[in-house]
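Note that my numbering gives residue 850 to position 65 of the sequence shown, counting from 1, and the numbers run on in steps of one. All residues carry an ideal CB built from backbone N, CA and C; glycine is no exception. Since the model is a prediction, treat every value here as computed from it, not as a measurement.
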Amino acid sequence: MESEKESKKSFSRRDFIKTTSVGVGAAALSAMGPAAARAAGRPETWDRETDVVIVGCGGAGTTAAITAHDAGAEVIIVEKAPEGGGNSRVGGGQFTYSTSEKKDNAALYLYHLCNGTTPMDVCQAWAEEMVHNREWLEKIGVSCRAPSVLNGGDFKKIPGSDGIGTGMFNALAWYEAVEKQMKDRGIEILFDSPATELIQESSTKEILGVKVGLGKEERHIKARKGVVLCSGGFEYNEEMKQNYLRPGSIKFTGWVYNTGDGIKMAQAVGADLWHMNMIASALYTIVTPSSRMGWMYPEPKGSNFILVSKYGERFAREGGWFPHRSIMGYSQWDWRSDRKDSEYPCCPHYMIFDETTRLAGPIGNSNSSMLSGMGNTITPKRLGGTASEWGAKDGGWSPENLVEIEKGWIKKAESIGALAEAIGGEMAPDILVKTVARWNGFCDAGVDSDFGRTARTSMTPTGLGKIEKPPFYAVEIWPGGFSTCGGPRKNAKGQVMDVFGQPIKRLYEAGSMGHTCGQVYGVSGANYCECFVWGRISGRNVAGLTSWS
C-alpha cells in the first residue's frame, strides 16, 4: 500500500461548497435518480480518472474518503445535493462505541439483536472497528463524550448488551471539522453531480467507475481501485417506501436527497439486498404543506392533549413508545368491515389539545431537524420550502402556535364536534366527542384506565390534563423516521455481495445504506456508527487494492 500522499493543492471553502459550475434544483436531481438503474458498459473514453470514487458526501462518504486518502489513494467524491453532510449533518450526534475489553460482547449483542440476519463475522468486524470511534472523532477534530462505563444496548436482556456504549458529539461541529479535513487534503468533491450508473466490466463483473449526471450531460469517472457507495437510504422514494416499509406512509425528518439511488445502482450490477424493512424510527412527525422534511419530535408543552386515530379513537399511551422502535406501534391493522382503504388507522393520526396547551408553548420543536445542525449554508429553500413557509422565524415554530393556526396547519374550532368536522376525512364527530369525554373522566379519576398514561412518560413529560378550555385544536401527525436502513448486503470487508453470495469486485459500501443492524434498530447511535465504522473499513480496503489499469 502506498504511503500517505501530501496534497499541495489549493482548495478554498468556496471551491468546497461548489466544485462544479452546474446548478440543479432538488426536484430535478430527484428525477435524475436511477429509477430504472442499469449497469453501464465501459465507455470509449473516460472524462475523469482517480483511484477511488465515493458516492455521497455524508458521514459515511467523508469518512471513507479521508480514510482512503490517508491510505495513499486519490479520491473523488460525487454528491447529488448542492452541499454535503447528509443525514449526519442534521442528526442528533449519538454514536455507538465499545472498548477493547468488551468488543466481543458487542458483537454477540448485535448478532442476537439481528436474529440471524447479519453473519457473526460481520458483527465482529463492526464491533472491533467501533472501538476506535472516539479516537476517530478526536483525530478529525471533534470533541465528544464517550464514558468508559458502557451504558448497554437498548435490549438489556440480550447477551452482550454490556458491550455497547453510546457517546455524543455536536453534529454541526462534526461537519465543520470534516469539511476542514477534506479541504486540507485537497479531496475533490463534485456537488450537484448525481451518480446514475455503475460502470461494470461485462466479463469479469468488476466495477470500473461511475457515470455521473451534470445537468443534461453525463460524465464517466474511472475508478482505478474501486467505488464506495455511501448514498444513504430511500427516505424520499415513495415507491420504495410502499414496497419495503410498513406502514409505507411513514414520513422522514432527514436529508431529502436520499431517494435510494445507490441501492438501485447496486441492484443493477447484481447486488443482493438485506434489512430493507428496517428503519431508525423517530416516534412521530409533522409535515407541513410547504416542506418535505418532517419536524423532529413535535410535542406539546402542556398536559391537556391526546392522540387519536383518523377515526377519533385513542390508540396508544401518549409518549409511551420507545422512539427508535415506535414504528412497531403503527403496524396495526383495523379489520372493521366498513374500511374505505387498506392503510393503518393511525396513518395519519391527530393531536387533540385545548387552549391551555396551545398557550404552553410550540407544538413543533423549534430545534427541529429542518434547521438544527445545518448552520447558515443550507437554506430551507434547498430542502423544500422557504423559511417563512416552514414557520415563524428562520424556519422555527411560533412560540404560541399562532402562525401555524393562521396557515391552517393547526385546525381550530370552538367545540370538539366542530373540530372533528374541521379535520374531515373519516373523523366522526360523535366518536371524537366521546373519546375526549372519556379522557376527561380519566383525568377526574386520576387514572388512565385505557392505556396507563402517568405523570411522566418516556418522550412527553406530561400528566393527565383535561381537554376542556376552548378553542380546541388538532394537528395532523404521521409516524416518523430518521432514516431507512436497508440496502446492499455486505461482508466483513465492506464489499457489496451479489445474489449468489460472492463479493462484487471493486464495489464497497458504508453508512445507513445496507445497515449492519437487522430486525430492529436496537443500538442507540447506530447510524453514526455505521458511517464511521464502515467508512473506515471500506475506505482502507478499497485503497489497498491493486489498480485495474
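Who are residue 1263's beta bridge partners in DSSP? Counting from 1 along the sequence shown, the entry for residue 1263 is found at position 478. Answer by DSSP bridge pairing, in chain order: 1070.
Secondary structure at residue 1201, three-state DSSP: helix, strand or coil? The count along the sequence shown starts at 1 and reaches residue 1201 at position 416. Residue 1201 falls in the helix class under three-state DSSP.
When the Cα atoms are used, what is the spatial distance from residue 947 to residue 890? Here residue 947 refers to the residue found at position 162 of the sequence shown. Here residue 890 refers to the residue found at position 105 of the sequence shown. Straight-line Cα distance between these residues: approximately 7 angstroms.
Paired residues, beta bridge with residue 891 - DSSP: On the sequence shown, position 106 is the one that residue 891 refers to. In DSSP, residue 891 forms no bridge with anything.
Does the distance from the CB of residue 1306 to the CB of residue 1031 come in under 8 angstroms? What you label residue 1306 is simply residue 521 of the sequence shown in a count that begins at 1. What you label residue 1031 is simply residue 246 of the sequence shown in a count that begins at 1. No.
Own chain residues within Cβ distance below 7 angstroms of residue 1338, not counting five before or after: Summary: the structure shown does not reach residue 1338, with the chain confined to residues 786 through 1334, and so no result is reported for it.
Here's the rule I'm using: 16 or more other beta-carbon atoms within 10 Å means buried, otherwise exposed. How should residue 1193 be labelled? Walking along the sequence shown from the start, residue 1193 turns up at place 408. Counting Cβ neighbours within 10 Å, residue 1193 comes out exposed, since fewer than 16 surround it.
Going by DSSP, what residues sit across from residue 992 in a beta bridge? What you label residue 992 is simply residue 207 of the sequence shown in a count that begins at 1. DSSP, once it has assigned bridges, lists 985 as partnering residue 992.
Considering only their Cβ atoms, is the gap separating residue 882 from residue 1335 smaller than 8 angstroms? With the chain covering only 786 through 1334, there is no way to say anything about residue 1335.
Presumed contact (8 angstroms Cβ cut-off) between residue 1260 and residue 1195, rounded CB distance: Along the sequence shown, read from residue 1 onward, the residue named residue 1260 stands at position 475. Along the sequence shown, read from residue 1 onward, the residue named residue 1195 stands at position 410. Going by Cβ atoms, the distance from residue 1260 to residue 1195 rounds to 5 angstroms, so yes, they are a contact pair.
Quick check on the DSSP output: the beta strand (DSSP E) that includes residue 973 runs from which residue to which? Taking the sequence shown and counting its residues from 1, one reaches residue 973 at position 188. Per DSSP, residue 973 belongs to the beta strand (DSSP E) from 973–975.
Cutoff 6 angstroms; reference residue 1320; Cβ partners in own chain excluding five residues on either side: Here residue 1320 is taken as the residue at index 535 of the sequence shown, counted from 1. Here the set comprises 845, 848, 849, 1295.
Assigned secondary structure, residue 824 (DSSP; H/G/I helix, E/B strand, else coil): Translated into the one-based positions of the sequence shown, residue 824 becomes position 39. Here residue 824 sits in coil by DSSP.
Let me check one thing: in DSSP terms, what residues is residue 838 bridge-paired to? For the purposes of this step, residue 838 is identified with residue 53 of the sequence shown, where counting begins at 1. Residue 838 is bridged to 861, 1012.
For residue 1317, which residues of its own chain have a beta-carbon under 6 angstroms away from its beta-carbon, when the five flanking residues on both sides are left out? Along the sequence shown, one-based indexing puts residue 1317 at 532. Same-chain partners within the cutoff: 848, 918, 921.
At what residues does the beta strand (DSSP E) containing residue 1284 begin and finish? Taking the first residue of the sequence shown as position 1, residue 1284 is located at position 499. Careful: residue 1284 lies outside any beta strand (DSSP E) and carries neither H nor E.
Please look up how many angstroms separate the CB atoms of residue 1040 and residue 1274, rounded, as I've assumed it's under 8 angstroms. In the sequence shown, residue 1040 corresponds to position 255, counting from 1. In the sequence shown, residue 1274 corresponds to position 489, counting from 1. Contact flag wrong, Cβ pair sits at about 23 angstroms.
Answer with buried or exposed for residue 859, where buried requires no fewer than 16 other C-beta atoms within 10 angstroms of its C-beta. If you number the sequence shown from 1, residue 859 lands on position 74. It counts as buried.
From the DSSP output, read off the bridge partner residues of residue 881. Position 96 of the sequence shown, counted from the first residue, corresponds to residue 881. Beta-bridge pairing links residue 881 to 951.
Alpha carbon to alpha carbon, how far is residue 907 from residue 945? Along the sequence shown, one-based indexing puts residue 907 at 122. Along the sequence shown, one-based indexing puts residue 945 at 160. The straight-line gap from Cα to Cα measures roughly 16 angstroms.
Evaluate contact between the region 1277–1285 and the region 1040–1059, counting only Cβ atoms and requiring at least three cross-stretch pairs below 8 angstroms. yes
Rounded C-alpha distance that separates residue 1114 from residue 993: Residue mapping note: residue 1114 aligns to position 329 of the sequence shown, counting from 1. Residue mapping note: residue 993 aligns to position 208 of the sequence shown, counting from 1. Rounded to the nearest angstrom, the two C-alpha atoms are 44 angstroms apart.
If we call anything under 8 angstroms between Cβ atoms a contact, is residue 1020 one with residue 1238? Residue numbering aside, residue 1020 sits at position 235 when the sequence shown is read from its first letter. Residue numbering aside, residue 1238 sits at position 453 when the sequence shown is read from its first letter. No.
Extent of the continuous beta strand (DSSP E) run through residue 1136: The residue given as residue 1136 occupies position 351 in the sequence shown. 1134–1139 is the extent of the beta strand (DSSP E) around residue 1136.
According to DSSP, which residues form a beta bridge with residue 1258? If you number the sequence shown from 1, residue 1258 lands on position 473. DSSP lists 1138, 1197 as partners of residue 1258.
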